[in-house]
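Heads up: the sequence lines are chains A and B, in that order. Just so you know, we're using my numbering here: the first sequence kicks off at 126 and counts up by one. Just so you know, we're using my numbering here: the second sequence kicks off at 126 and counts up by one. From the three backbone atoms N, C-alpha and C, an ideal C-beta is built for every residue, glycine too. As structure tokens, the structure follows; a few thoughts come after it.
Number of protein chains: 2
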Amino acid sequence: MLDPRPGWTVGSPKVNARKLVARKGDVSRGDFRVGPQGRTMGGRKIRNMEEFAAVSGISRPTVSKYFHDPSSVRQTTRARIEAALEEHDYRPNIFAVNQNRRLTKNVGIVVPYLSDPFFAEIARNIEKLVIGTGFRPILLSSHGTVNQEIENLDSLRSIKPAGVLMAPLGRSSNRDAVETFCADVPTVLFDSNIRDLGEAFIGHDNAQSIALICEYLCRTGEPPAFFEMRNPTNPNAYRRRRTYGEVMERMGHPVQLVQVDGDGWDFEEIGYREGNRVISENLLQTDTVLCSNDRLAIGFLAAAYECGRRVGHGNDRALRVAGHDNHPFSRFTCPPLTTVSQDYTSIAERSVETLLSVIESGERPKRRITTLFDGKLVMRGSA
Amino acid sequence: MLDPRPGWTVGSPKVNARKLVARKGDVSRGDFRVGPQGRTMGGRKIRNMEEFAAVSGISRPTVSKYFHDPSSVRQTTRARIEAALEEHDYRPNIFAVNQNRRLTKNVGIVVPYLSDPFFAEIARNIEKLVIGTGFRPILLSSHGTVNQEIENLDSLRSIKPAGVLMAPLGRSSNRDAVETFCADVPTVLFDSNIRDLGEAFIGHDNAQSIALICEYLCRTGEPPAFFEMRNPTNPNAYRRRRTYGEVMERMGHPVQLVQVDGDGWDFEEIGYREGNRVISENLLQTDTVLCSNDRLAIGFLAAAYECGRRVGHGNDRALRVAGHDNHPFSRFTCPPLTTVSQDYTSIAERSVETLLSVIESGERPKRRITTLFDGKLVMRGSA
DNA sequence: CAATTTTCTTTACGCGCGTAAAAAATAAAT
DNA sequence: ATTTATTTTTTACGCGCGTAAAGAAAATTG
Numbered sequence: 126m127l128d129p130r131p132g133w134t135v136g137s138p139k140v141n142a143r144k145l146v147a148r149k150g151d152v153s154r155g156d157f158r159v160g161p162q163g164r165t166m167g168g169r170k171i172r173n174m175e176e177f178a179a180v181s182g183i184s185r186p187t188v189s190k191y192f193h194d195p196s197s198v199r200q201t202t203r204a205r206i207e208a209a210l211e212e213h214d215y216r217p218n219i220f221a222v223n224q225n226r227r228l229t230k231n232v233g234i235v236v237p238y239l240s241d242p243f244f245a246e247i248a249r250n251i252e253k254l255v256i257g258t259g260f261r262p263i264l265l266s267s268h269g270t271v272n273q274e275i276e277n278l279d280s281l282r283s284i285k286p287a288g289v290l291m292a293p294l295g296r297s298s299n300r301d302a303v304e305t306f307c308a309d310v311p312t313v314l315f316d317s318n319i320r321d322l323g324e325a326f327i328g329h330d331n332a333q334s335i336a337l338i339c340e341y342l343c344r345t346g347e348p349p350a351f352f353e354m355r356n357p358t359n360p361n362a363y364r365r366r367r368t369y370g371e372v373m374e375r376m377g378h379p380v381q382l383v384q385v386d387g388d389g390w391d392f393e394e395i396g397y398r399e400g401n402r403v404i405s406e407n408l409l410q411t412d413t414v415l416c417s418n419d420r421l422a423i424g425f426l427a428a429a430y431e432c433g434r435r436v437g438h439g440n441d442r443a444l445r446v447a448g449h450d451n452h453p454f455s456r457f458t459c460p461p462l463t464t465v466s467q468d469y470t471s472i473a474e475r476s477v478e479t480l481l482s483v484i485e486s487g488e489r490p491k492r493r494i495t496t497l498f499d500g501k502l503v504m505r506g507s508a
Numbered sequence: 126m127l128d129p130r131p132g133w134t135v136g137s138p139k140v141n142a143r144k145l146v147a148r149k150g151d152v153s154r155g156d157f158r159v160g161p162q163g164r165t166m167g168g169r170k171i172r173n174m175e176e177f178a179a180v181s182g183i184s185r186p187t188v189s190k191y192f193h194d195p196s197s198v199r200q201t202t203r204a205r206i207e208a209a210l211e212e213h214d215y216r217p218n219i220f221a222v223n224q225n226r227r228l229t230k231n232v233g234i235v236v237p238y239l240s241d242p243f244f245a246e247i248a249r250n251i252e253k254l255v256i257g258t259g260f261r262p263i264l265l266s267s268h269g270t271v272n273q274e275i276e277n278l279d280s281l282r283s284i285k286p287a288g289v290l291m292a293p294l295g296r297s298s299n300r301d302a303v304e305t306f307c308a309d310v311p312t313v314l315f316d317s318n319i320r321d322l323g324e325a326f327i328g329h330d331n332a333q334s335i336a337l338i339c340e341y342l343c344r345t346g347e348p349p350a351f352f353e354m355r356n357p358t359n360p361n362a363y364r365r366r367r368t369y370g371e372v373m374e375r376m377g378h379p380v381q382l383v384q385v386d387g388d389g390w391d392f393e394e395i396g397y398r399e400g401n402r403v404i405s406e407n408l409l410q411t412d413t414v415l416c417s418n419d420r421l422a423i424g425f426l427a428a429a430y431e432c433g434r435r436v437g438h439g440n441d442r443a444l445r446v447a448g449h450d451n452h453p454f455s456r457f458t459c460p461p462l463t464t465v466s467q468d469y470t471s472i473a474e475r476s477v478e479t480l481l482s483v484i485e486s487g488e489r490p491k492r493r494i495t496t497l498f499d500g501k502l503v504m505r506g507s508a
């Protein structure tokens, strides 16, 4: 057992404050004492809601009600509470609050890999939106592994979240674990779908966007080969592969799948290593490469550079390279990467909207909703 | 007030289980029922520690002790508890636990900007290390704003963390807010120092690393200009600027500071925009540019490419560009970026080690420890 | 103004667990 | 086997807050 910590104030000994009762006419005596930082300090520190109720002159149950929903109390009492709040800056103990509420204000956010700027960005957007709704976001990354994903769900379950926004790993996700979780807590999936799981899925329309970029590439030069990983974990990758094939067949062009080995989340590394191989061994039958995602494309571009192949859409080019996702860094590659964007603003917004409507309705929607957003062509220098 | 949610099991109505008492000889009756997934299920769900103590045949206080530290109970009782644990997979209610422990097992991790892969990576490392020590990491990003940083500290304070690992925004951080926080909870600063705040600072030796790369650049070509933001928020940037100046003077070379405007965290964008300007307006008196960090360098490289300036160390080069940090993406620029690494493995390790020793000792160290790790030169194609 | 509705106060209990103290049981040592 | 040291059980209370119920006070209505 650890000793109490003399140095810090958080672990200070408990005191029983139950005897404190607010009476009409009670007045805080500390109004004149001004703290070192110039903030007005109450006579003593507020330790709990009981004490805060006392100094604010309002009963504790009403104060409790206020913290749950400030608009649920009369305007005049709200003003008194908020006045006291300015003097004493008290905050309800989050553990005690959540222990007793059956519905916490926590919203879990799970992403497969936070070091990927794509997910970092979408997580950041979602976080802000969640805060805006008055909920408390808890962001967890699965670090690319199933075990961590399951661990994250377990961890979330134990904090009784009002709902969860989850971008699953994809194919490697443990379906049973996710299913069990979804049965317990309202969950909205985004980015990667797992069939029939969660209340809704919000994602990107890969069929639309891949068709878009394929048609663009075919219209402006040689039809593309499709550069991808052989066994991607992300289900979107399969959709992209399939759509690429369909579009090429429809247009009467050969389907050239360049499927490379490698797993994990080091996509740039894989794109670089395998791109180097593909280029140096002359495995392409075309001068145009569509990469399954921007991170692969970034690696591929590095490989092309190293091999001395000029990439671009000028006449002196040796290669055209395109990506998919409009990854935050794709603007700064050399040349800048032509790609097709995911509308992550909309995906983020719709995801939290959907989750919130489920939370507030308090019941499962009759049927699972799937929403896909279109991508836009982002023409830059590389293709 | 929200309705109870009929669909989900987490919000199920409470039941009073206080009457349940474990007696010697009590045996769980559910051992034969096997759940659909093949997991053995207890006869009924375990709702609290009382019930779990009952089915495990151990008293609740002892079970409580076990969960705090499994090695603190006798080997035989530990085995009995763990056997019961396999049957019933019970987990203590995290809110109830934390409410009553003066020292929670939570460790806060605050980074200034999680969408920056550098911080994402170091956060990932730290998270893993923290988990390895049996603590529970809570990762928060300040999204580049002071308000969010303060908000994060407030938020952390309310969950009574055993300690916090914090990479502050730097100059823009609110010193008072951080100071107050550090007075309440054991805090170790990393990456960016704030003078005298926190129990320790673990960071990178910018003087060493900048000297290293400056000397390398001077030895192998023209002395570098220093490309940086005029008013960086990060204190490391000032240290780098200063060291650059000192080294150049010591070596008898002109100090060429290229200080560009811009704020926020879109460093690539700033490097690109201002790099474009600097190059096209021919503002450099040398062919060698040392950027204050890799993200600026990445933008600068994009600008050089767009302007048709060949970057590298070959004879046909127009420019040499170097960065600092060994950012995860700097391997994949064109050409790959020559830079100097930060030893973030060591920084992460030492940070959590330091925090843990403070937590376990239970008292503030007599004096604040500052630890800096050396960087290594990473020679790649760009300089 | 009284009658009605809304809001607040009082009182009381519960949540799931930490933890202290004394008694009982078990293990280790003599 | 007895003494001693260690661990567990019993009992009991507290944490900070949610929340229900009944009565009191305030605001609204006519």
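Anyone know if the C-beta pair for residue i and residue j falls short of 8 Å?
| i | j | result |
| --- | --- | --- |
| alanine 422 (chain A) | glycine 389 (chain A) | no |
| serine 455 (chain A) | proline 242 (chain B) | no |
| histidine 452 (chain B) | arginine 420 (chain B) | yes |
| glutamine 381 (chain A) | threonine 345 (chain A) | no |
| threonine 229 (chain A) | isoleucine 284 (chain A) | yes |
| arginine 205 (chain A) | isoleucine 183 (chain A) | yes |
| phenylalanine 498 (chain A) | serine 476 (chain A) | no |
| alanine 325 (chain A) | arginine 364 (chain A) | no |
| serine 417 (chain B) | alanine 362 (chain B) | yes |
| glycine 295 (chain B) | leucine 480 (chain B) | no |
| glutamine 384 (chain B) | arginine 355 (chain B) | yes |
| leucine 462 (chain B) | cysteine 339 (chain B) | no |
Going by DSSP in three states, residue i sits in which element: helix, strand or coil?
| i | result |
| --- | --- |
| leucine 408 (chain A) | coil |
| isoleucine 395 (chain B) | helix |
| glutamate 488 (chain A) | coil |
| leucine 342 (chain A) | helix |
| threonine 458 (chain B) | coil |
| arginine 445 (chain A) | strand |
| cysteine 416 (chain B) | strand |
| glycine 328 (chain B) | strand |
| serine 466 (chain A) | strand |
| glutamate 347 (chain B) | coil |
| threonine 358 (chain A) | coil |
| aspartate 301 (chain B) | helix |
| glutamine 224 (chain A) | helix |
| valine 383 (chain B) | strand |
| threonine 496 (chain A) | strand |
| aspartate 450 (chain A) | strand |
| leucine 480 (chain B) | helix |
| methionine 291 (chain A) | strand |
By a C-beta neighbour count over all protein chains shown, 10 Å radius and 16 as the cutoff for buried, is residue i buried or exposed?
| i | result |
| --- | --- |
| leucine 408 (chain A) | exposed |
| aspartate 316 (chain B) | buried |
| proline 195 (chain A) | exposed |
| glutamine 200 (chain A) | exposed |
| methionine 373 (chain A) | buried |
| threonine 495 (chain B) | exposed |
| methionine 174 (chain B) | buried |
Of the choices the options, whose alpha-carbon is the least far from that of residue i?
| i | options | result |
| --- | --- | --- |
| tyrosine 341 (chain A) | A:Ile171, A:Ser507 and A:Asn173 | A:Ser507 |
| isoleucine 404 (chain A) | A:Arg216, A:Ala209, A:Arg489 and A:Ala350 | A:Ala350 |
| asparagine 359 (chain A) | A:Arg375, A:His329 and A:Arg402 | A:His329 |
| alanine 302 (chain A) | A:Val483, A:Gly323, A:Gln384 and A:Asn356 | A:Gly323 |
| valine 503 (chain B) | B:Ile335, B:Leu210, B:His268 and B:Arg226 | B:Ile335 |
| cysteine 459 (chain A) | B:Glu211, B:Phe425 and B:Ser298 | B:Phe425 |
| proline 186 (chain B) | B:Phe306, B:Pro293 and B:Val222 | B:Val222 |
Indicate, with yes or no, if the ligand NAD has a heavy atom lying under 7 Å from the CB of residue i.
| i | result |
| --- | --- |
| alanine 443 (chain B) | Looking at this structure, you won't find the ligand NAD or any other ligand, since it has none at all. |
At 3 residues or longer, what runs of the beta strand (DSSP E) sit wholly inside the stretch 231-287 of chain B? 231-236 and 261-266
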